[in-house]
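Residue numbers (my numbering), protein chains in the order written: chain A, 105 to 518; chain B, 37 to 167. Beta carbons are placed, not taken as given, at the ideal position from N, Cα and C, and that holds for glycine. What follows is a set of notes on a single structure, which appears directly below.
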């Protein structure tokens with residue numbers, strides 16, 4: 105671990121909490137006390153990886169604090185062992201710009217649809233709910249930079265472990281239906297999405313993202329007004345969020361209030377200069393490699409994770425343990441999840457849980473019995489229905505995007 | 037209740053029964069299937085809007101003392117809390133210069149060019165690595 109000069113933060117209180125049984129004791133305290141004392145440290149497995157587990161963000165339970173302002177909150181990984189859908193109060197949070205409205209009144213909120221359309225609209229939330237056919241889809245929302253902290257060599261940016269992702273049942277309306285009501289005119293090229301958040305400095309580019317018109321009208325891209333059966337937490341985009349199944353979360357614009365149909369390609373900063381990846385398989389280049397064509401990030405890749413066993417776990421020789429986890433296919437369904445307990449020499453197919461649609465997490469499990477004492481390396485690999493498998497070695501790019509290497513764990517059998 | 041609403045309710049009821057019948061045999065706790073969340077979403081869903089008014093926590097974490105900490109405090113904190121900087125991996129001084137220039141050129145940080153080096157030296161001193 106690299107040495108850094110940060111003072112250890114508040115060790116006395118932490119030791120006190122740890123020795124008092126942490127959570128158990130905190131349950132006895134009043135809400136304000138609990139919130140004031142809630143920071144407990146967690147060590148993410150990379151240099152400078154200490155994060156506080158905090159519970160002081162509105163509508164959120166215990167989250168790993170990556171940044172207070174604007175908020176970056178990571179889902180603690182054990183949450184993914186609790187269900188195929190990520191609870192709203194544990195769903196990760198990622199904002200770019202610091203001015204985030206803290207009061208949103210559904211009675212006065214409007215969603216505007218304008219630009220290259222015949223009938224510009226300004227819809228109330230009730231109109232959106234009542235006048236359009238409801239649409240539901242289970243889909244994984246994953247930050248482009250999920251797992252950036254594992255990049256080697258390291259790169260700057262939000263230093264997430266694997267918890268900048270979540271799976272929810274999204275309910276709302278198809279974007280296509282809303283665009284059809286507005287009447288897209290011939291020659292439309294892209295659709296640009298803007299939310300209520302803005303930067304502090306006037307010169308900071310407002311956060312906007314665009315999709316090609318055909319993608320916007322594919323009948324899957326949607327405007328969500330509910331998440332897992334409830335209105336969205338403010339920090340996840342209340343009242344409306346764009347849902348772009350199979351694509352990285354940068355496109356899932358939060359607090360969506362403005363949709364503009366463009367008759368030319370969007371030239372805004374966030375579409376043309378940010379969130380670019382090398383145009384190579386798995387967005388992979390050699391560190392320092394120059395002169396590579398860059399393109400906007402787009403479809404997700406397959407990933408799979410262990411959820412009920414951690415690196416360094418101790419297992420009993422000869423005893424069977426059912427190992428389990430989650431997988432997703434990226435922009436396609438999960439075809440297979442393969443498990444290896446011998447460093448990838450032999451692979452066995454894990455049992456898959458209920459299919460909730462091709463964009464959802466899929467649970468998997470497999471019985472594991474280690475016959476010999478000593479260290480063992482466990483690996484898990486997803487292959488999606490398009491035939492794309494997670495790679496053996498990690499990708500690398502300067503922005504720390506799209507990590508999807510096969511996950512490995514070292515365990516001990518005794 | 038309109039016909040379409042009734043149909044939706046009927047379909048929801050059927051899907052709940054199906055859900056129960058299809059509950060898989062994976063070694064997950066029953067609750068881990070999050071079936072409850074799905075039922076909630078599927079059964080007689082009606083969107084009721086509540087006004088949301090929240091307070092976001094404020095970070096009072098300062099930059100560690102040192103030559104240039106005043107520049108960091110005056111510039112970086114305009115747009116984000118110090119934690120974003122303090123939780124970065126250790127970077128070389130050149131890498132810190134790149135980050136500072138990204139903040140100036142892309143996001144409009146009003147840092148005068150003649151302070152770039154001083155700020156990079158400070159960030160390197162608190163969270164640096166040799167090339």
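Who are the neighbours of residue i on chain B, taking C-beta pairs under 7 Å?
i	result
residue 304 of chain A	114, 115
residue 519 of chain A	Not covered by the structure: residue 519 of chain A. The range shown for chain A is 105 to 518.
residue 277 of chain A	Per Cβ cutoff of 7 Å: no residues; residue 277 of chain A is ~11 Å from chain B at best.
residue 209 of chain A	87
residue 202 of chain A	115, 116
residue 229 of chain A	85
residue 170 of chain A	123
List the residues of chain A that residue i touches, going by C-beta distances under 9 Å, in chain order.
i	result
residue 98 of chain B	Neighbours of residue 98 of chain B on chain A: none; closest Cβ ~11 Å, over 9 Å.
residue 91 of chain B	162, 206
residue 135 of chain B	260
Is residue i close to chain B? Criterion is C-beta to C-beta, closer than 9 Å.
i	result
residue 468 of chain A	yes
residue 280 of chain A	no
residue 507 of chain A	no
residue 370 of chain A	no
residue 318 of chain A	no
residue 419 of chain A	no
residue 342 of chain A	yes
residue 385 of chain A	no
residue 265 of chain A	no
residue 195 of chain A	no
residue 390 of chain A	no
residue 244 of chain A	no
residue 158 of chain A	yes
residue 493 of chain A	no
residue 373 of chain A	yes
residue 441 of chain A	no
Show which residues of chain B have a CB atom less than 9 Å away from the CB atom of residue i.
i	result
residue 452 of chain A	The premise fails here: residue 452 of chain A is roughly 15 Å from chain B at the closest Cβ pair, so nothing lies under 9 Å.
residue 360 of chain A	Simply none; closest approach about 15 Å.
residue 429 of chain A	Per Cβ cutoff of 9 Å: no residues; residue 429 of chain A is ~10 Å from chain B at best.
I want to see whether chain A comes within less than 9 Å of residue i, judged by CB atoms only; does it?
i	result
residue 146 of chain B	yes
residue 62 of chain B	yes
residue 142 of chain B	yes
residue 87 of chain B	yes
residue 68 of chain B	Bear in mind that a pLDDT of 47 at residue 68 of chain B, under 50, signals an unreliable position, so the number given afterwards is only what the model happens to contain. Answer yes: the Cβ-Cβ gap between residue 68 of chain B and chain A drops below 9 Å somewhere.
residue 131 of chain B	yes
residue 52 of chain B	Any reading at residue 52 of chain B must be qualified, since the residue scores a pLDDT of 45, below 50, and its modelled position is unreliable; no value is offered.
List the residues of chain A whose Cβ lies closer than 8 Å to the Cβ of residue i, in chain order.
i	result
residue 105 of chain B	Correct list: empty, because the minimum Cβ distance to chain A is about 12 Å.
In the DSSP assignment, the alpha helix (DSSP H) including residue i goes from what residue to what residue?
i	result
residue 373 of chain A	373-376
residue 62 of chain B	First-last for residue 62 of chain B: undefined, no H or E at that position.
residue 280 of chain A	279-286
Need the endpoints of the beta strand (DSSP E) that residue i sits in, please.
i	result
residue 380 of chain A	380-382
residue 233 of chain A	Not the beta strand (DSSP E): residue 233 of chain A falls in the alpha helix (DSSP H), residues 229-235.
residue 480 of chain A	478-488
residue 217 of chain A	215-219
residue 145 of chain A	144-147
residue 440 of chain A	438-444
residue 512 of chain A	511-517
residue 167 of chain A	167-171
residue 431 of chain A	424-432
Thinking C-beta only, is residue j closer than 9 Å to residue i?
i	j	result
residue 324 of chain A	residue 285 of chain A	no
residue 196 of chain A	residue 270 of chain A	yes
residue 127 of chain B	residue 165 of chain B	yes
residue 265 of chain A	residue 254 of chain A	yes
residue 346 of chain A	residue 327 of chain A	yes
residue 291 of chain A	residue 221 of chain A	no
residue 338 of chain A	residue 330 of chain A	no
residue 432 of chain A	residue 426 of chain A	no
residue 129 of chain B	residue 157 of chain B	yes
residue 97 of chain B	residue 119 of chain B	yes
residue 150 of chain A	residue 125 of chain B	yes
residue 506 of chain A	residue 401 of chain A	yes
residue 500 of chain A	residue 391 of chain A	yes
residue 419 of chain A	residue 294 of chain A	no
residue 224 of chain A	residue 87 of chain B	no
residue 440 of chain A	residue 487 of chain A	yes
Chain A partners of residue i, CB-CB under 7 Å?
i	result
residue 83 of chain B	233, 329, 330
residue 109 of chain B	Ordered by position in chain A, no residue passes the 7 Å Cβ test against residue 109 of chain B, which lies about 14 Å from the chain.
Mind pulling the chain B residues with CB within less than 8 Å of residue i?
i	result
residue 307 of chain A	143, 144
Check whether the Cβ of residue i lies closer than 8 Å to any heavy atom of the ligand HEM, and answer yes or no.
i	result
residue 508 of chain A	Summarising the ligand content, the structure contains no ligands, and the ligand HEM is consequently not present.
Give the interface partners of residue i over in chain D, defined as CB-CB distance under 9 Å, in chain order.
i	result
residue 175 of chain A	Although the question refers to chain D, the structure presented lacks it and instead comprises the protein chains A and B.
Would you mind listing the beta strand (DSSP E) stretches within the segment 300-342 of chain A that are 3+ residues and don't spill past its ends, in chain order?
Counting only runs of 3 or more, we get 312-316, 326-331.
Scan the segment 76-163 of chain B and note each continuous alpha helix (DSSP H) run of 4 residues or more that stays entirely inside, going in chain order.
105-115, 119-122, 129-141, 152-163
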